[in-house]
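Accompanying notes for the structure given below.
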């Protein structure tokens with residue numbers, strides 16, 4: 357056992373957050389405190405980033421009218437996705453895919469502009485900036501779960517149209533609309549499993565040795 | 357306070373993992389147990405994924421000769437990156453950027469093939485598959501930190517050449533070489549800060565309200 361290992365209860369807390377985190381779409385209207393939101397954003401900012409470029413930018417949506425316009429963009433993409441799904445159209449349309457109008461807080465998370473200036477770790481894999489932003493969002497998700505707060509990552513939107521709505525500069529790109537708030541309960545299983553849309557595979561099927569098998 | 361909030365010590369464990377996680381490049385040669393590696397991979401598999409597509413694939417490198425060939429690919433890209441950095445070339449070449457030959461375990465993490473079959477949440481943002489894989493890697497990173505184990509994410513490689521080396525099918529793509537193992541100590545600050553390569557910005561500079569400011 358490593359001498360750097362956390363106490364058993366701290367370690368249990370980390371695994372509990374990982375196992376009980378859910379992509380939430382059902383929220384209660386109760387507000388969350390400024391202090392809690394600040395803790396989540398500070399957790400995001402502690403994420404790893406390629407070459408320490410810190411490519412994440414957070415736009416907090418406090419304007420109710422703007423939140424409705426963002427919701428309209430998501431609803432438009434939900435319809436377009438349904439049409440693209442062909443035979444799974446009806447099953448998809450029955451799913452609740454976001455809780456944008458109900459949750460306490462909405463954050464748009466974006467890749468920064470001027471990313472081309474950062475080469476370290478990105479010369480052959482420029483998309484590592486998105487990898488860093490995703491780690492930051494996972495930090496929010498896990499910290500929020502430990503705080504008892506739900507988070508949903510909505511990616512059903514046109515990034516160009518959302519960028520236009522939020523007056524974002526060339527080179528930046530929104531990659532997530534996060535819904536954050538209190539929940540009545542966390543789903544026991546991912547909602548897409550409960551709704552029989554998809555199932556988690558067996559871990560051993562995802563692991564190979566010394567090459568693709 | 358949410359009724360779903362963890363105990364104080366569990367919550368502290370989650371924040372401690374988030375704050376004390378580091379991108380490690382210095383490792384001790386001691387092995388890690390199969391059980392611990394399995395716990396880390398199971399934590400990865402609990403990550404969120406867009407439309408529950410679970411796009412992550414893990415290739416464990418147990419062949420020492422293969423590990424050396426992977427290291428050679430990374431070394432080649434390190435030189436190419438240095439050349440691309442121009443005036444920062446010498447500073448970059450002094451940095452230790454990976455611990456591939458020293459760490460206990462090496463995992464190549466890849467995007468799966470046949471991703472085009474998954475449309476939910478990806479019609480306008482196909483790169484959400486990488487976002488999901490990145491959340492899985494962040495789970496490994498945080499769980500490992502709580503276990504007292506270091507992880508480094510190496511992205512200095514040509515994905516085409518690594519895919520060829522590991523006999524990976526068309527459509528798949530390696531996005532990370534993870535170095536995992538015991539460490540003498542975790543860096544107090546990100547190594548790139550200690551080495552004065554870059555600095556963490558002030559959180560408030562990363563947050564905007566209702567639009568880009």
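Protein chains in written order, with the working numbering: chain A, 357 to 569; chain B, 357 to 569.
Note that beta-carbon positions come from the ideal geometry of N, C-alpha and C, so glycine has one too.
Model, not experiment: these values are computed from the prediction.
Terminal residues of the alpha helix (DSSP H) in which residue i lies
{"i": "residue 448 of chain A", "result": "445-450"}
{"i": "residue 440 of chain B", "result": "420-440"}
{"i": "residue 559 of chain A", "result": "Taken as a continuous stretch (DSSP letters only), residue 559 of chain A belongs to no alpha helix (DSSP H), as it is neither H nor E."}
{"i": "residue 496 of chain A", "result": "484-503"}
{"i": "residue 374 of chain A", "result": "364-376"}
{"i": "residue 549 of chain A", "result": "547-550"}
{"i": "residue 395 of chain B", "result": "390-401"}
Residues near residue i in its chain [Cβ-Cβ closer than 6 Å; skip 5 each side]
{"i": "residue 499 of chain A", "result": "396, 399"}
{"i": "residue 464 of chain B", "result": "415, 530, 533"}
{"i": "residue 412 of chain A", "result": "489, 492"}
{"i": "residue 515 of chain A", "result": "529, 530"}
{"i": "residue 568 of chain A", "result": "none"}
Assigned exposure category for residue i - 16 Cβ within 10 Å defines buried
{"i": "residue 377 of chain A", "result": "buried"}
{"i": "residue 444 of chain A", "result": "exposed"}
{"i": "residue 508 of chain B", "result": "buried"}
{"i": "residue 473 of chain B", "result": "exposed"}
{"i": "residue 520 of chain A", "result": "exposed"}
{"i": "residue 577 of chain A", "result": "Since the displayed chain A opens at 357 and closes at 569, residue 577 of chain A lies outside it and no answer follows."}
{"i": "residue 528 of chain B", "result": "buried"}
{"i": "residue 390 of chain B", "result": "exposed"}
{"i": "residue 502 of chain A", "result": "buried"}
{"i": "residue 410 of chain B", "result": "buried"}
{"i": "residue 477 of chain B", "result": "buried"}
Residue range of the beta strand (DSSP E) that includes residue i
{"i": "residue 466 of chain A", "result": "461-467"}
{"i": "residue 512 of chain A", "result": "Run containing residue 512 of chain A: none; DSSP gives neither H nor E here."}
{"i": "residue 412 of chain A", "result": "412-417"}
{"i": "residue 537 of chain A", "result": "529-537"}
Integer Cβ distance of residue i from residue j, believed to fall under 8 Å
{"i": "residue 486 of chain B", "j": "residue 373 of chain A", "result": "Their Cβ separation, rounded to whole angstroms, is 22 Å, which puts residue 486 of chain B and residue 373 of chain A out of contact at 8 Å."}
{"i": "residue 403 of chain B", "j": "residue 469 of chain B", "result": "Actually they do not touch by this definition, with Cβ atoms about 19 Å apart."}
{"i": "residue 539 of chain A", "j": "residue 382 of chain A", "result": "6 Å"}
{"i": "residue 467 of chain A", "j": "residue 489 of chain A", "result": "6 Å"}
{"i": "residue 505 of chain A", "j": "residue 536 of chain A", "result": "6 Å"}
{"i": "residue 406 of chain B", "j": "residue 484 of chain B", "result": "4 Å"}
{"i": "residue 365 of chain A", "j": "residue 369 of chain B", "result": "7 Å"}
{"i": "residue 330 of chain B", "j": "residue 547 of chain B", "result": "No answer is possible for residue 330 of chain B: the residues shown for chain B start at 357 and end at 569."}
{"i": "residue 549 of chain A", "j": "residue 408 of chain B", "result": "7 Å"}
{"i": "residue 440 of chain B", "j": "residue 479 of chain A", "result": "6 Å"}
{"i": "residue 422 of chain B", "j": "residue 566 of chain A", "result": "6 Å"}
Sequence-distant residues of its chain with Cβ nearer than 7 Å to residue i (five each side left out)
{"i": "residue 427 of chain A", "result": "456, 457"}
{"i": "residue 551 of chain A", "result": "451"}
{"i": "residue 526 of chain A", "result": "469"}
{"i": "residue 393 of chain A", "result": "461"}
{"i": "residue 434 of chain A", "result": "453, 512"}
{"i": "residue 385 of chain B", "result": "458"}
{"i": "residue 497 of chain A", "result": "377, 507"}
Cutoff 8 Å; reference residue i; Cβ partners in own chain excluding five residues on either side
{"i": "residue 437 of chain B", "result": "448, 512"}
{"i": "residue 424 of chain A", "result": "457"}
{"i": "residue 362 of chain A", "result": "370"}
{"i": "residue 442 of chain A", "result": "none"}
{"i": "residue 388 of chain B", "result": "460, 461, 505, 536, 537, 538"}
{"i": "residue 544 of chain B", "result": "550"}
{"i": "residue 358 of chain B", "result": "none"}
{"i": "residue 510 of chain B", "result": "430, 453, 454, 456, 532, 533, 534, 535"}
{"i": "residue 367 of chain B", "result": "361"}
Contacting positions in the segment 478-499 of chain A - beta carbon closer than 9 Å to chain B: 478, 479, 480, 481, 483, 484, 486, 487, 488, 489, 490, 491, 492, 493, 494, 495, 497, 498, 499
Which residues of the segment 537-559 of chain B have a Cβ closer than 8 Å to any Cβ of chain A? Give them in chain order. Sequence-ordered contacts of the segment 537-559 of chain B with chain A read 538, 539, 541, 542, 546, 548, 549, 553, 554, 555, 556, 557, 559 [C-beta pairs closer than 8 Å].
For the segment 400-413 of chain B, list every residue whose C-beta sits within 8 Å of some C-beta in chain A, in sequence order. Correct list: 401, 402, 403, 404, 406, 407, 408, 409, 410, 412, 413.
For the segment 502-521 of chain A, list every residue whose C-beta sits within 7 Å of some C-beta in chain B, in sequence order. Within the segment 502-521 of chain A, the residues whose Cβ lies closer than 7 Å to some Cβ of chain B are 502, 503, 504, 505, 509, 511, 512, 513, 514, 515, listed in chain order.
Along the segment 359-374 of chain B, where does the CB come closer than 8 Å to a CB of chain A? Name the residues. Those would be 359, 360, 361, 362, 363, 365, 366, 367, 368, 369, 370, 371, 372, 373, 374, in chain order.
Could you name the residues of the segment 417-430 of chain A whose beta carbon sits closer than 9 Å to any beta carbon of chain B, in the order they occur along the chain? 417, 418, 419, 422
Looking at chain B, which residues of the segment 436-450 of chain A have a Cβ within less than 8 Å of any of its Cβ atoms? 436, 437, 440, 441, 448
Name, going along the chain, the residues of the segment 453-474 of chain B whose beta-carbon falls closer than 7 Å to a beta-carbon of chain A. Those residues of the segment 453-474 of chain B that come within reach of chain A (Cβ to Cβ, closer than 7 Å) do not exist; the list is empty.
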